[in-house]
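A.B. asks: To start, I am sharing the structure in question, which I have written as structure tokens.
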Amino acid sequence: MTGESSRKGPAGSASNAAVRKAFTVLTVGFVSGISLIIGEVALVSLAFSGQLAPYLSQGIGLILFGTAAACVVTGLRSGFAGAAAGPTMATMIALGVIGGSLTATGDELLPTMVAIIVLGSVATAACALLIERFRLANLVRFFPYPVSSGFVAGTGGLACVVALRLMGVRLDAEALASLFDPLVVTNWGVGVAYGLGLYFASRRWPSPLLMPGSFIAGTGLLHFGMARFGVSTQEAQDRGLLFAGISGSDLWPPMALDDAARIDWSAVGPQIPNILVLILVTLLCTALYIGGIELASGRELDWNREFGAVGLGSLAAGLGGAPPGTYVVPTSLRNLMLGAGVKSTSIAVAVVTASPLIFGDVLLTLVPVPLMGGVLLFTGVALIDQWLLKVRKRLPLSDYAIILVIFVTILALGFLEGVAIGMLITILFFVVRLSRVDVVDATFSLREERSHRVRPIPDRAILRAEGSRARGYRLRGYIFFGAGYPLADRLQGSLGEEPKPVCIVLDFKAVSGLDFSTVSAMCRFILAARRAGTRVVMSRAPATLEKELQRNLPPPVFGSVVFAPDDDQALEHCEDVLISSYEPPDDAEGGEPSLLETVGADMERHLDRQVLFEELVGDLRDWLDTREHAEGETLLAAGESNDTLQLITTGRASVFDAAGARSRQLGPGDAVEPRAPVAAPTAAAAVVADEPCMTATLTASALRLLEESDPKLTARLYRYLLNAGARTAD
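Residues are numbered in my numbering as their position in the sequence shown, beginning at 1, plus a constant of 3.
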């Protein structure tokens with residue numbers, strides 16, 4: 004018996020869990036469906052007003068059908084289980100603009116309006132499905148954290164406002180005067196107490212059965228009290244305790260197929276711009292709502308899939324004549340918070356939403372208004388607590404201020420206005436913060452950095468003594484107007500510093516881009532440098548910058564700017580400018596050593612090395628071959644296995660790394676590859692003649708014979724090569 008019980012135990016436990024889950028799904032689905040009916044029906048008047056007011060019941064049928072269709076299709080396709088969907092307030096406002104400007108009249112009015120709604124829904128669906136097909140969701144995934152957080156908090160705030168209005172709390176004078184009447188107090192008092200009690204109880208006992216159980220118990224208690232005291236359903240509806248009916252006429256379909264012949268297509272054409280606005284508004288709301296759900300739920304969603312889900316839902320709604328739908332954030336989050344985050348919840352919500360289309364409004368009239376308002380209040384308070392109050396400790400004051408502004412704006416003006424203001428403030432903050440980031444990564448002069456060109460000793464002395472007159476700036480990041488103008492002012496200010504610069508190098512290697520304002524600022528600096536007699540050299544400048552400078556600078560000024568492909572050539576050109584501008588000090592100044600006195604020791608060491616090299620080459624003349632190389636000829640190719648020693652006797656050659664940048668320059672007395680005759684290494688860099696030059700070469704076989712016949716001369720060669728390698732490393 005015990006064994007049988009143990010075998011049944013897990014099965015029984017699983018069965019009980021399934022029953023509890025089904026109970027939760029059905030109850031939450033019922034509550035969410037009723038709240039959707041209430042919310043969406045309230046939106047119908049935004050579109051079906053004015054000349055469309057007589058067709059309000061047909062509008063109710065359309066929006067309920069669209070909500071039910073969107074819930075089923077979007078909920079089953081979405082990666083967020085338990086999602087609810089339907090037309091948004093922004094979408095209905097866009098339809099209201101269309102309805103107010105529609106030129107169709109009489110019997111043509113409703114069929115024409117329905118045709119426009121169908122076109123808008125199908126076009127919205129096509130755009131959303133294209134976003135999924137080509138994975139373009141990242142193009143609209145641009146909402147910063149404060150904006151998303153403010154949106155979710157604003158959603159909670161609106162949920163609280165709707166809940167209070169539902170329970171009879173309004174800000175107009177007439178409503179305030181009767182706010183404390185016994186019946187009104189009972190309505191909103193019970194609702195507020197239920198909503199706040201549910202919120203605090205859910206924090207203390209986070210059970211998924213808490214809300215559905217309390218809601219059903221409260222509903223049963225109210226109807227028991229009505230029966231006990233003889234209060235009829237009509238009396239309860241008149242007192243605001245129960246919902247009244249929606250409409251006494253058929254809700255859906257809004258028209259027969261024969262009515263399609265009465266569509267005024269001439270009135271549809273002028274509405275194409277408004278239809279495009281309808282599509283854009285729905286897609287923007289979709290991006291915003293996906294971000295809000297993702298943030299509030301802590302789940303990462305596939306945005307492309309979610310757009311596809313919205314597209315299919317809008318297509319299903321459009322085929323029934325309904326407006327395009329997208330996610331309903333409060334309902335979707337409430338389903339998750341109440342433990343009904345499964346796809347079957349979306350179906351349950353859709354069934355309840357569609358019930359007035361099939362059975363009339365029987366289910367709706369059973370729901371107590373205070374309890375429904377309490378559930379909405381619970382949802383709003385939970386969202387405000389999580390995304391307005393608790394985030395304060397995690398965010399800087401400026402970011403939190405953005406959330407507050409969005410929250411207040413959404414309550415006062417609406418979602419789109421709140422998000423638009425939030426994005427504007429965020430962008431302004433971004434511009435200010437980015438403009439404070441120094442785009443100059445490093446500064447240097449020719450005293451600290453030189454090119455790899457081998458220069459005569461007097462020129463090197465000039466560079467050491469006068470190097471501070473040639474300055475460089477390494478730039479970084481994206482340079483826009485907020486940083487471009489301060490940079491140009493800084494560069495222009497350096498033109499008047501002492502010693503006066505003869506050349507300025509701007510290195511754009513780490514610059515990712517720049518805007519036209521920065522180009523304009525650069526033009527201003529270049530013109531000032533031209534007037535000051537300072538040469539401007541740009542290293543690795545973007546092609547767009549060079550093109551824009553050519554377009555906006557006078558040809559002589561643009562021609563004076565040097566564009567170098569790398570740092571080494573930029574530094575070399577700057578060195579040339581500095582050397583050519585050097586003027587020896589007057590004898591009258593006295594006290595300062597002359598250039599000859601300054602470079603005397605260096606010239607002596609250089610001459611000693613040249614004497615040593617010439618003596619060595621002379622002693623090795625019987626073992627060496629002489630080769631001549633034209634300008635641009637390759638002495639050693641990268642990747643080439645080389646066992647021949649090459650000693651440059653006249654001319655110069657440059658060593659280029661794999662990226663094509665010059666790493667050093669070789670001159671008379673230098674070895675192309677000091678290890679060549681011994682190790683026969685594979686060349687890591689290419690060596691190319693800068694001018695006609697001659698080399699003395701020693702093959703590996705000749706070196707072996709030299710080692711056998713003249714060890715002392717071989718030792719002298721090795722010692723020279725070791726010293727040459729040490730100089731190269733330095």
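Don't be surprised by glycine CBs; every beta carbon is placed ideally from N, CA and C.
Whole angstroms are fine: how far does the CA of valine 522 sit from the CA of glycine 69?
C.D. replies: Answer to the nearest angstrom: the Cα atoms are 52 Å apart.
A.B. asks: What is the DSSP secondary structure of phenylalanine 566, reduced to helix, strand or coil?
C.D. replies: Reduced to three states, the DSSP call for phenylalanine 566 is strand.
A.B. asks: Using 8 Å as the threshold, is the C-beta distance between alanine 357 and alanine 73 below it?
C.D. replies: It is not a contact, given that the beta carbons lie outside the stated cut-off.
A.B. asks: With C-beta atoms as the reference, is alanine 692 less than 8 Å away from alanine 656?
C.D. replies: Cβ distance < 8 Å, so alanine 692 and alanine 656 count as in contact.
A.B. asks: Going by alpha carbons, who is nearest to valine 271 out of Phe310, Ala107, Val394?
C.D. replies: Closest by alpha carbon: Ala107.
A.B. asks: At the level of alpha carbons, what is the spacing between aspartate 685 and aspartate 579?
C.D. replies: Per the sequence shown, the amino acid found at residue 685 is threonine instead of aspartate. One C-alpha to the other measures close to 34 Å.
A.B. asks: Following the continuous alpha helix (DSSP H) through serine 2, name the residue where it begins and the one where it ends.
C.D. replies: The first residue shown for the chain is 4 and the last is 733, placing residue 2 beyond what the model contains.
A.B. asks: Measuring alpha carbon to alpha carbon, tell me which of Val658, Leu669, Asp646 ends up nearest threonine 652.
C.D. replies: Threonine 652 has its Cα closest to that of Leu669, out of Val658, Leu669, Asp646.
A.B. asks: Which residue from Gly194, Val193, Gly314, Gly243 puts its Cα closest to that of alanine 140?
C.D. replies: Of Gly194, Val193, Gly314, Gly243, the residue nearest in Cα terms is Gly314.
A.B. asks: Pick helix, strand or coil for lysine 512, following the three-state DSSP scheme.
C.D. replies: DSSP places lysine 512 in strand when its eight states are reduced to three.
A.B. asks: So the candidates are Gly171, Gln495, Arg436; which of them puts its Cα closest to the Cα of methionine 525?
C.D. replies: Nearest C-alpha to methionine 525: Gln495.
A.B. asks: Check whether the region 218 to 225 and the region 407 to 425 are in contact - that is, three or more C-beta pairs closer than 8 Å.
C.D. replies: Result no; under three Cβ-Cβ pairs closer than 8 Å.
A.B. asks: Alpha carbon to alpha carbon, how far is leucine 414 from leucine 386?
C.D. replies: Rounded to the nearest angstrom, the two C-alpha atoms are 14 Å apart.
A.B. asks: Alanine 491 lies in the alpha helix (DSSP H); which residues open and close that run?
C.D. replies: Per DSSP, alanine 491 belongs to the alpha helix (DSSP H) from 484 to 497.
A.B. asks: Please identify the residue among Asp646, Arg667, Ala86, Glu711 whose C-alpha is closest to the C-alpha of alanine 744.
C.D. replies: The structure shown has nothing for residue 744, since the chain only spans 4 to 733.
A.B. asks: What does the alpha-carbon distance come out to for the pair isoleucine 529 and glutamine 389?
C.D. replies: Approximately 54 Å between the Cα atoms of the pair.
A.B. asks: Taking C-alpha atoms, which residue in Gly342, Leu161, Gly200 lies nearest to methionine 92?
C.D. replies: The option with the nearest alpha carbon to methionine 92 is Leu161.
A.B. asks: According to DSSP, what are the bridge partners of arginine 538?
C.D. replies: Answer is Cys506, bridged to arginine 538.
A.B. asks: Just to confirm my understanding: we take leucine 336, look at its own chain, exclude 5 residues before and 5 after, and list those with CB closer than 6 Å. What are they?
C.D. replies: Within the same chain, leucine 336 has close Cβ partners Ala299.
A.B. asks: What does the alpha-carbon distance come out to for the pair proline 276 and valine 352?
C.D. replies: Distance between the alpha carbons of proline 276 and valine 352 is about 34 Å.
A.B. asks: Closest by CA to threonine 368, which one among Ile266, Leu720, Ala641, Ala239?
C.D. replies: Measuring from the Cα of threonine 368, the nearest candidate turns out to be Ala239.
A.B. asks: Is it buried or exposed for threonine 547, if we count other Cβ within 10 angstroms and need 16 for buried?
C.D. replies: By the 10 Å Cβ count, threonine 547 comes out exposed.
A.B. asks: Leaving out the 5 sequence neighbours to the left and right, which residues in its chain are closer than 7 Å to tyrosine 292 when beta-carbon positions are compared?
C.D. replies: Contacts found: Thr329, Tyr330, Val332.
A.B. asks: Out of Val165, Val117, Gly316, Leu398, state which residue places its alpha-carbon closest to the alpha-carbon of leucine 260.
C.D. replies: Closest by alpha carbon: Val117.
A.B. asks: Got a sec? Which residues, its chain only, sit under 6 Å from asparagine 307 by beta carbon, not counting five neighbours each side?
C.D. replies: Glu135, Arg138, Ala140.
A.B. asks: So what does DSSP say about methionine 95, is it helix, strand or coil?
C.D. replies: Helix at methionine 95.
A.B. asks: Helix, strand or coil for leucine 701 per DSSP?
C.D. replies: Three-state DSSP puts leucine 701 in a strand.
A.B. asks: Once you ignore the five residues that flank leucine 517 on each side, which residues in its own chain have a CB closer than 6 Å to its CB?
C.D. replies: Here the set comprises Ile482.
A.B. asks: Beta-carbon separation of threonine 127 and proline 327 under 8 Å?
C.D. replies: It is a contact, given that the beta carbons lie within the stated cut-off.
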